[in-house]
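Number 408 in the UniProt record's numbering belongs to position 408 of the sequence shown; there are no gaps in the numbering. C-beta atoms are modelled at their ideal positions from N, C-alpha and C, and glycine is treated no differently. Note that the structure is predicted; figures quoted are calculated from it, not measured.
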Amino acid sequence: QVTLRAGAELDARRVNQYTLILRAACPGEDEVEERLFVRVTAAPVLRCDTPFASAEGDVVQVMADVAPRTPLYAVLPQPLGGLMNPGCGGVEKGFPSSSSLQFRLRNHNTPLTLTRRGLVLAPDNGFDLSKDTQTFRLEIEVMDRHGHNCSGAVRVEVLPSHRPRVTFLEPHRAVTVTEGIGPWEVVTQVHASGDNVRYAILAPVAPALFTIDEVTGEIHSTCRLEAIRAHLLIRAYNALHPDDRATATVDITVQGRDHRAPRCVPAIFVSQVPETVSPGTTLVTLQCTDSTSTDGSLHYALEGPPASRSHFCMEGPRLKVNTTLDYDSEAMAAVGFQFTATIVVTEGGQPLQSTRVPVLVMVTPVNEFRPACPNGATFTVPETAAFGSIVGRVTGTDRDYPLDSLEYSLVGGTGPAQPFSIDRRTGEIHVVGPLDSQQQKSYRLVVQLMDTHNDLDLAKRLSRLCDVSVRLQAVPDQLPACIPEVQELWITAGSPGSRQPVTHLVCHSSPDSAALTYTIVGGNEGGRFRLEGNTLVYLPNDRAEPRTFVLLVEVWGSSGAHRRSTTVALVVHVTPWSTPLPPSTTTRHTTLQREPLVVVQTETVWHPPAWFVAVLTISGALLLATLGCTARNFLCSEQDWGIMAAFCSSRSNRASGKLFLGKRAEVTAAQQGNPCLAGVSCICQGKLPGRSAASISGTGRDYLFNSVTGARRWI
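Structural data, given as structure tokens:
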């Protein structure tokens with residue numbers, strides 16, 4: 001039997017397997033040796049992080065006016081908002097969730113609550129707002145289902161709140177009313193200052209005659225009142241903090257009377273009238289009777305907001321329209337297109353008895369006016385406008401409310417003869433087709449304006465046709481501009497069948513939005529090059545000798561009726577891929593300038609000892625000079641003169657591109673990496689610097705000029 005030694009600690013991170021060698025021998029037999037392998041696996045470990053597990057514990061600060069049972073702290077992260085710092089976490093993979101943990105509060109002398117999910121909640125009744133800073137300490141123990149546990153502490157600091165306390169402006173109020181008040185009528189109203197104020201009746205505990213609106217503080221009757229005296233105790237409190245409260249008393253006296261108030265039919269009047277109703281129209285006639293069953297002593301009066309009393313009037317028991325009810329006015333919109341009033345019917349005698357008839361009149365819209373077209377609806381748009389460009393906006397008007405509620409449409413729709421569309425809601429006209437001022441200089445559009453939501457009957461709609469003129473502004477075509485116009489490039493070919501980018505052509509047109517098209521029009525021998533957009537790509541083959549290509553690329557824009565193009569010259573020197581050099585692409589650009597280019601080359605000189613300089617100078621000077629001169633004469637006489645002559649000839653004779661290379665292409669040793677071309681200038685058409693123009697350029701022939709030796713070679 002193999003057991004774990006007392007006090008031993010296993011750590012799978014450090015040692016995850018032990019090999020035990022066991023030897024056993026029976027009397028008279030040989031000893032037998034075997035091995036026992038004990039593998040140690042990692043188990044979940046419960047650990048609490050700092051500062052929760054520290055001696056001082058974690059600290060949480062909250063305001064005293066925090067709502068009851070608000071989460072203040074989470075011992076483990078919970079998917080709830082507004083929680084504070086997590087205080088406990090698992091450090092091992094497979095750490096149990098909060099649902100498999102148990103949380104226990106060691107000290108119970110605190111009003112705070114610890115839930116089964118490890119949340120610390122505010123007290124059920126909130127914190128005491130009358131106290132200064134309060135501090136509560138909670139000692140919490142966490143245990144998982146395997147018996148692992150950890151513990152920590154949380155200190156909750158409650159800071160005093162500076163919000164206003166609930167206070168009654170009038171602690172005592174006495175109200176006297178006349179009996180006969182009907183159910184749910186307002187008897188009086190109390191008001192208290194503070195935040196989130198709510199009202200409740202404390203006494204009597206079960207009020208039978210009155211109730212209070214908990215938000216507004218209005219005290220209503222629950223039945224028809226008769227002569228009685230009532231004493232009410234009203235409480236105002238903060239809904240979020242019930243401990244913040246105040247009380248007031250209200251004494252209500254209901255006086256009796258000898259006669260009953262008049263009774264009217266209808267008791268409530270609600271009506272819906274169109275805005276075109278004529279002034280003087282009778283809306284309702286009240287049928288009222290008093291306690292003596294006669295109506296000769298009844299008086300009718302209209303009460304309510306000034307707008308209601310100005311639009312309606314009473315003629316005896318008849319409610320009539322006094323002025324026009326204009327639904328399309330701002331005044332009507334301000335009152336919500338409805339009027340409220342009260343008809344007060346009073347009976348003569350002592351004491352006076354009255355009945356109130358509530359009135360609600362709702363005004364409905366009538367589509368009266370046709371839409372109006374804008375003045376001078378003429379727009380101008382360049383013929384190069386892109387698809388979706390805004391031409392202009394047709395702004396129609398409609399005097400019916402809601403004002404200018406219109407829908408726009410083009411008569412005839414959109415097509416080749418009418419390459420425009422209009423937004424149904426905003427009236428914006430957009431370009432949806434090609435424009436050409438040479439084919440058509442202007443368009444006449446017919447826009448239909450249709451009003452919406454201006455009548456109670458949605459089928460009653462009015463429309464109007466408006467003429468809109470769109471003029472095309474001609475945009476002169478300009479040649480695309482490329483920088484540079486001539487490039488000389490050196491590349492080392494890759495393996496056959498590969499794709500090798502050489503250079504990117506940088507060209508732009510006017511307008512800038514016009515798309516450019518690139519095409520190789522000359523010099524692409526064997527189809528070794530192709531264009532992908534503005535990128536020149538070389539397609540290597542298995543040819544072993546160097547080659548020079550003179551490519552002509554035509555660039556033109558797509559805007560305008562006639563195509564105008566620019567030609568770019570590219571001289572590409574290709575070194576075969578079979579050379580010892582690794583396959584690579586090296587691109588060097590030479591821009592032909594109009595003036596001679598002076599190249600200053602700075603070399604770093606090593607200063608060895610004097611004896612080394614003497615030996616090196618004597619032994620190497622003659623050898624290097626001989627080899628350098630031989631190579632220079634051979635390359636300059638054969639290769640470089642031929643390259644430059646071919647380049648200049650192709651530029652001057654290319655008729656399609658019209659490239660008059662009156663510029664001078666300086667090919668310097670620093671730019672080309674070839675010492676034989678140092679100081680060589682290619683003059684295709686121009687004057688020889690330092691010579692007479694009549695004696696040299698008068699011949700009209702192209703030539704090459706060597707600035708080192710002064711020699712000229714005619715092309």
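Note on geometry: alpha-carbon atoms of L240 and P371 lie some 54 angstroms from one another.
For the pair of segments examined, the stretch 237-256 was found to touch the stretch 174-181: the number of CB pairs separated by less than 8 angstroms reaches three. Between Q440 and S509, the alpha-carbon positions lie close to 24 angstroms from each other. When the Cα atoms are used, D423 and L516 turn out to be separated by approximately 31 angstroms. As summarised for the stretch 104-161, the continuous beta strand (DSSP E) elements at least 3 residues long and confined to that stretch are 119-121, 134-143 and 149-159, given in chain order.
With 16 or more neighbouring CB atoms inside 10 Å of its own CB, N238 falls in the buried class. Comparing alpha-carbon positions, the option among N454, S437, D455 and R461 lying closest to Q448 turns out to be R461.
Just so you know, the alpha carbons of Q287 and V186 end up roughly 25 angstroms apart. In the DSSP annotation of this structure, the continuous segment of the alpha helix (DSSP H) that includes W611 starts and ends at A610 to L635. Taking 8 angstroms as the cut-off, the Cβ atoms of G388 and V431 count as close.
Contact check for R499 against D467 fails: the beta carbons are separated by 8 angstroms or more. Within its own chain, the residues whose Cβ lies closer than 6 angstroms to the Cβ of E139, once the five positions on either side in sequence are excluded, are R106, N107 and A153, listed in chain order.
Assigned with DSSP and collapsed to three states, S354 falls in strand.
Assigned with DSSP and collapsed to three states, G526 falls in helix. In this structure, the CA atom of A42 is about 32 angstroms from the CA atom of V120. Rounded to the nearest angstrom, the Cβ distance from E554 to T519 is 5 angstroms, consistent with a contact under 8 angstroms.
Non-local C-beta neighbours of T626 in its own chain, meaning closer than 7 angstroms and more than five positions away in sequence, are absent. Taken in chain order, the complete alpha helix (DSSP H) segments of 4 or more residues contained in the UniProt domain "Cadherin" (265-373) are 306-311 and 330-334. Under the three-state reduction of DSSP output, S409 falls in the strand class. Between the alpha carbons of S463 and S329 lies a distance of about 21 angstroms.
Inter-segment contact for the stretch 193-204 and the stretch 270-285 is absent: fewer than three beta-carbon pairs are separated by less than 8 angstroms.
Ranked by how close their Cα comes to the Cα of L209, the residues T216, R198 and A227 have A227 in first place.
Using a 10 angstroms sphere on the CB of M314, the tally of other CB atoms reaches 16 or more, which defines it as buried. Classified as exposed, V613 has fewer than 16 neighbouring CB atoms from the shown chains inside 10 Å of its CB.
The Cβ-Cβ distance between V394 and A377 falls below 8 angstroms. For I234, the uninterrupted beta strand (DSSP E) segment begins and ends at I228 to N238. Among the bridge pairs identified by DSSP, P71 is matched with L121. With contact defined as three or more Cβ pairs closer than 8 angstroms, the stretch 404-412 and the stretch 335-342 are not in contact. For G348, the closest of L298, V359 and A386 by C-alpha to C-alpha distance is L298. Of the candidates A200, R245, P242 and H220, the residue whose Cα lies closest to the Cα of L233 is A200. D451 sits close to L406, with the two beta carbons spaced by under 8 angstroms.
Collapsing the DSSP output to three states places S221 in a strand. If you draw a 10 Å sphere on the C-beta of N454, you find 16 or more other C-beta atoms in it, and that means buried. Secondary structure at S463: strand, using DSSP grouped into helix, strand and coil. In the DSSP assignment, S421 falls within the beta strand (DSSP E) that extends over F420 to I422.
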